[in-house]
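Some notes on the structure that comes next.
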Amino acid sequence: MKMIDWIILWASILGVLAAGLPFRKYIKSVKDYLLAGRTQPWYLIAPSCQAVQSDVGDYFGAAAFCYQHGLLGFAWYAVCCPLSWLFGAHTTIPAMYRSGVWTPAEFLEVRFNAPARYWGAALILLQRLFVMGNMVLGTALLFKVLTGSSLMAGSILALGLGFLYVLFGGVAATVVVGTAQQVLMTVAAWAMFIVAWVETGGFPAVWAKFPEYMHIGFQPSNPQIGWGWGFLGLVAGVIGYAVYQAEQISRPLSARTEWDGRMGYIMAGPICIIHQAAIIPLGVFALIMYGVQNPSLTPRDILYPKMMVELLPSGLLGICAAGVMAATISTIAANSMSCAGIATRDIYARLFKHEATDRHYLNVSRVITFFWFVLGVALVPLIAKGGMMNTWMKVTGAFVAPLFPAVFFSTIYPRSTRWSGFLSMILGGLFGTLVIVFPWAPLTALLGPKLTNFLVFPFTNTIFASIAYFVVCEIENALRGRMPKSEWVGKVVWTLPENMKQYANTGDALRTGNFVEAPSNLDIDASLAGDLVVLKNKVPIYGASGLPWFKNLWTWTVIVGLIVLAITIYFW
Amino acid sequence: MVADTEKTGGAPEKMRKEEIIQWWKKTAQAVGSDVDDLRMSKVSSITMFWLFILFGVFLIIALPTVDTRIEAWVTSLSAILFAGVAIWAYWGWKRAKAKLAEAEARPAKK
Numbered sequence: 087m088k089m090i091d092w093i094i095l096w097a098s099i100l101g102v103l104a105a106g107l108p109f110r111k112y113i114k115s116v117k118d119y120l121l122a123g124r125t126q127p128w129y130l131i132a133p134s135c136q137a138v139q140s141d142v143g144d145y146f147g148a149a150a151f152c153y154q155h156g157l158l159g160f161a162w163y164a165v166c167c168p169l170s171w172l173f174g175a176h177t178t179i180p181a182m183y184r185s186g187v188w189t190p191a192e193f194l195e196v197r198f199n200a201p202a203r204y205w206g207a208a209l210i211l212l213q214r215l216f217v218m219g220n221m222v223l224g225t226a227l228l229f230k231v232l233t234g235s236s237l238m239a240g241s242i243l244a245l246g247l248g249f250l251y252v253l254f255g256g257v258a259a260t261v262v263v264g265t266a267q268q269v270l271m272t273v274a275a276w277a278m279f280i281v282a283w284v285e286t287g288g289f290p291a292v293w294a295k296f297p298e299y300m301h302i303g304f305q306p307s308n309p310q311i312g313w314g315w316g317f318l319g320l321v322a323g324v325i326g327y328a329v330y331q332a333e334q335i336s337r338p339l340s341a342r343t344e345w346d347g348r349m350g351y352i353m354a355g356p357i358c359i360i361h362q363a364a365i366i367p368l369g370v371f372a373l374i375m376y377g378v379q380n381p382s383l384t385p386r387d388i389l390y391p392k393m394m395v396e397l398l399p400s401g402l403l404g405i406c407a408a409g410v411m412a413a414t415i416s417t418i419a420a421n422s423m424s425c426a427g428i429a430t431r432d433i434y435a436r437l438f439k440h441e442a443t444d445r446h447y448l449n450v451s452r453v454i455t456f457f458w459f460v461l462g463v464a465l466v467p468l469i470a471k472g473g474m475m476n477t478w479m480k481v482t483g484a485f486v487a488p489l490f491p492a493v494f495f496s497t498i499y500p501r502s503t504r505w506s507g508f509l510s511m512i513l514g515g516l517f518g519t520l521v522i523v524f525p526w527a528p529l530t531a532l533l534g535p536k537l538t539n540f541l542v543f544p545f546t547n548t549i550f551a552s553i554a555y556f557v558v559c560e561i562e563n564a565l566r567g568r569m570p571k572s573e574w575v576g577k578v579v580w581t582l583p584e585n586m587k588q589y590a591n592t593g594d595a596l597r598t599g600n601f602v603e604a605p606s607n608l609d610i611d612a613s614l615a616g617d618l619v620v621l622k623n624k625v626p627i628y629g630a631s632g633l634p635w636f637k638n639l640w641t642w643t644v645i646v647g648l649i650v651l652a653i654t655i656y657f658w
Numbered sequence: 039m040v041a042d043t044e045k046t047g048g049a050p051e052k053m054r055k056e057e058i059i060q061w062w063k064k065t066a067q068a069v070g071s072d073v074d075d076l077r078m079s080k081v082s083s084i085t086m087f088w089l090f091i092l093f094g095v096f097l098i099i100a101l102p103t104v105d106t107r108i109e110a111w112v113t114s115l116s117a118i119l120f121a122g123v124a125i126w127a128y129w130g131w132k133r134a135k136a137k138l139a140e141a142e143a144r145p146a147k148k
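Same order as they appear, the protein sequences are chains A and B. The numbering of the first sequence is the working numbering, which starts it at 87 and goes up by one. The numbering of the second sequence is the working numbering, which starts it at 39 and goes up by one.
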């Protein structure tokens, strides 16, 4: 790295830190500013979903995953993430929007019971903790490549910058820093992609020299699992992301109408494909540059920063490095604060101290934030050894995958029962522990090497937890009788609560003039309208019936689904 | 829903269609002229403008130090994209500034 890049790097970091200063006096109104009530249109929600999804792990970890497992890494973002958003758009989002809850943990309590909320929150926290570790490791790896420093020194530097960022009021400047780092990283990623394509010969060269790495369905790293199984495991691991991840779900729940939230989720997929298409293929281009499984690429996630240094021209390198730093420090702060919020609100305040002052909860939240930082650093050696995405797959397969059937089936299966969510998650977690964390020989022998492979295991555990879910439902229904309809109406997607019934006939309301139009930038009280259907920008605030074909959510679901299918078939 | 009730707190329980529309229009005007939000928007835009001017200037300074023709191309293209973002941010700042001036000139309604 040349002197000009160092100057750019540090000047840009100082610029990003200083960007927080003017925002400090507005910190009291930040919550309103970021959450934006229920006022956001779909075209703002879609890119913000991708912005929330993308962090350093989705650059460094994803490229390294692609280098190791071939285009399965590309399928992560071009197939699985869009599918996850499609699932969310037709299941949890309408159910949660109508229920008026704001977090998946809250929904688990409303649909199941309090233990489901605690355990669900704990699983979400566990997954976010590993994401935190990824981000700290990302910065540490960048510094290792740039200066030769140790991973621990880089991790401490990342955390130091994170603290400074909070101190300078950076959290209030998230809107600016978040947008700025996304633009920086996207421009730099496409610049890298172009240079890498020119230098290596791009896809045609990889097809010619390493054809086995150009498949979604086959992983040269694990040939014993056979065609398609790794893909199934990845789909099962990733598909729950947009269905239960709190920060992701908060985006469509801030929509001005249910339709906007769902449409934003559907359209997030194509944005993700365009954004990540510049990043992931670098993993297979690296095969031309370094050969297969080059031992000098240790830890494996060092690949992307190494390629940055080798491929990016002077100037862009400094800016891209600054973009990585900005992404890391802003996401470390936001992630630890949001996780501290979940831990305080969904676990501590519910289980340990029911009624305390705001100051008490704030102090608890601060202590948790501090420990979150420390835990994030403690995980760095573990994640560095296994690789960011591989570790994520193992943690998800072992513990988090059972969360998906519970949340998903609760929105489509009216016979779901109070204890089915918690018990299926616990049984799934136990099953994952006995296969992945502390393998129990009789169980692993029974399942065989294919189903216990870490790439396939999220699928195995999802199937196990789904079976457990239905078994618990039927036992509980037999013992206690079915849950009264009034308790699940509105939470199962094709049902509307009594006070929203008129929205089932939006088409009739439009024909007869039995509707009222509300300003689209206002978080309104719909009950004020009585039996009238409330429209915002020509769509109903609840439900999505009676709309023309080009506004029909299923039209766009089919279009995005076909794009995903075409990618899957082409790269299979 | 708690958030809804808070936003329109004080509204009569039953109203006719025209009254509802008038009520919402009035509330929307009050929300739309929220001075704090507009100030925040103005500060965001101008901060974004200066950040991207800074990044663009860095790229122009670094341009003579690049090694190959393709590197010069991607650097120039990136500088143009950054300039585009800076222009967009400047436009946002002008818009927020005008709205803020209008909101501040209006007598307080709360």
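Here a beta-carbon is modelled for each residue, glycine too, at the ideal position from N, C-alpha and C. Since the structure is predicted, the reported quantities are computational estimates derived from the model, not experimental observations.
Using three-state DSSP, classify residue i as helix, strand or coil.
i      : result
A:P626 : strand
A:Q126 : strand
A:S115 : Residue placement at A:S115 cannot be trusted, given a pLDDT of 42 that sits under 50; what the coordinates show is reported in the next sentence. Three-state result, A:S115: helix.
A:L621 : strand
A:I655 : helix
A:V466 : helix
A:A442 : coil
A:L121 : Since pLDDT at A:L121 reaches only 46, below the 50 mark, its modelled position is unreliable, and no value is offered.
A:V575 : strand
A:N341 : With the sequence shown as reference, residue 341 of chain A is identified as Ala, and Asn is not the correct amino acid for it. It is a strand residue.
B:T46  : The pLDDT assigned to B:T46 is 47, lower than 50, so where the model puts this residue is not dependable; a value taken from the coordinates is nonetheless given after this. In this structure, B:T46 counts as coil in the three-state DSSP scheme.
A:A487 : coil
A:M89  : helix
A:V187 : coil
B:M39  : In this prediction, B:M39 has a pLDDT of 35, which is less than 50 and means its spatial position is unreliable; nothing more can be read from the coordinates.
Is residue i near the ligand ADP - that is, is its Cβ less than 6 Å away from at least one heavy atom of it?
i      : result
A:Y351 : Questions concerning the ligand ADP fall outside what the structure shown contains, since it holds no ligand whatsoever.
Using only CA atoms, which one of the options lies nearest to residue i?
i      : options                        : result
B:F93  : B:D105, B:E142, B:V81, B:L115  : B:L115
A:V196 : A:F490, A:Y555, A:E573         : A:E573
A:A484 : A:F543, A:I433, A:A148         : A:F543
A:F508 : A:A554, A:I415, A:P367, A:I360 : A:A554
A:L513 : A:V395, A:V486, A:T503, A:P535 : A:V486
A:G377 : A:F296, A:G186, A:T430         : A:F296
A:P338 : A:C135, A:F494, A:V625, A:I454 : A:C135
A:V217 : A:P500, A:S606, A:W188, A:K480 : A:K480
A:E344 : A:L373, A:A652, A:V620         : A:V620
A:T178 : A:P491, A:M474, A:K637, A:L516 : A:P491
A:R386 : A:M238, A:N476, A:R214, A:I131 : A:N476
A:I242 : A:T548, A:A372, A:F459, A:A442 : A:F459
A:C425 : A:A412, A:T455, A:K439, A:A413 : A:T455
A:L212 : A:A551, A:L529, A:L465         : A:L465
A:I93  : A:S496, A:V370, A:S400         : A:S400
A:Y589 : A:V625, A:G567, A:T414, A:K571 : A:V625
B:K64  : A:G347, A:A604, A:T641, A:W642 : A:A604
A:P391 : A:Y327, A:M271, A:F289         : A:M271
A:L651 : A:V450, A:I335, A:I359, A:G248 : A:I359
A:T482 : A:I99, A:Q331, A:N199          : A:Q331
How far does the beta strand (DSSP E) with residue i in it reach, from first residue to last?
i      : result
A:V602 : 601-604
Can residue i and residue j be called in contact, C-beta distance under 7 Å?
i      : j      : result
A:G428 : A:A208 : Contrary to the premise, residue 428 of chain A reads as Ile rather than Gly in this sequence. No, these two residues do not count as a Cβ contact at 7 Å.
A:C406 : A:A266 : no
A:A364 : A:W276 : yes
A:P168 : A:V579 : no
A:A105 : A:Q268 : no
A:G632 : A:L596 : yes
A:S170 : A:V324 : yes
A:W635 : A:M349 : no
B:V123 : B:F90  : yes
A:V281 : A:V463 : no
A:D141 : A:L403 : no
A:P306 : A:E298 : yes
Over the uninterrupted alpha helix (DSSP H) stretch that includes residue i, give me the two end residues.
i      : result
B:L115 : 107-143
A:R566 : 543-566
B:V104 : First-last for B:V104: undefined, no H or E at that position.
A:V395 : 389-397
A:F636 : Run containing A:F636: none; DSSP gives neither H nor E here.
| query | Which parts of the segment 267-321 of chain A are runs of the alpha helix (DSSP H), unbroken and 4 residues or longer, counting only runs that do not cross its ends? | reply | Within the segment 267-321 of chain A, the complete alpha helix (DSSP H) runs of at least 4 residues are 288-295.
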